[in-house]
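Trainee:
Residue numbers (the numbering used here): 278 to 395.
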């Protein structure tokens, strides 16, 4: 019987939880205070991890703050997780929330422009 989740999926989910905890309680940089981690994708060899994040307003300062904290976050992940290789962290802005809000706005505008049906 096949496993429900692969090892990469389990590592990715635990890494997302640990990173969220670290960003909330350990990082004191004001640029990264209001960030939400939406997902983590780990490569098959566990060498690299894409960390997807969303924020109220995306700014270059936020990306720079996350990249600056990457070394500290990686070292803390090594202490918290029981994996042999701690992946390099690459932060990617997740545009899906912005895209979804834009689509919702377009749908709302389209429905409000149509005349009421009897």
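From the three backbone atoms N, C-alpha and C, an ideal C-beta is built for every residue, glycine too. All values derive from a computational prediction rather than experimental measurement.
1. Determine the burial state of residue 384: buried for a count of at least 16 other Cβ atoms within 10 Å of its Cβ, exposed for fewer.
2. Rounded to the nearest angstrom, what separates residue 389 and residue 332 at their Cα positions?
3. Straight-line CA distance for residue 370 to residue 294?
4. On the DSSP bridge list, what partners appear for residue 346?
5. Could you check where the beta strand (DSSP E) with residue 318 kicks off and where it finishes?
6. Can you tell me whether residue 304 is buried or exposed, with buried defined as 16 or more other CB within 10 angstroms of its CB?
Mentor: Inspection of the coordinates gives the following:
1. Exposed is the call here.
2. Each residue's alpha carbon lies about 29 angstroms from the other.
3. Our two residues, residue 370 and residue 294, have alpha carbons roughly 17 angstroms apart in a direct line.
4. The bridge partners DSSP lists for residue 346 come to none.
5. If you look at residue 318, you'll find it in the beta strand (DSSP E) that goes 312-319.
6. Residue 304 should be labelled buried.
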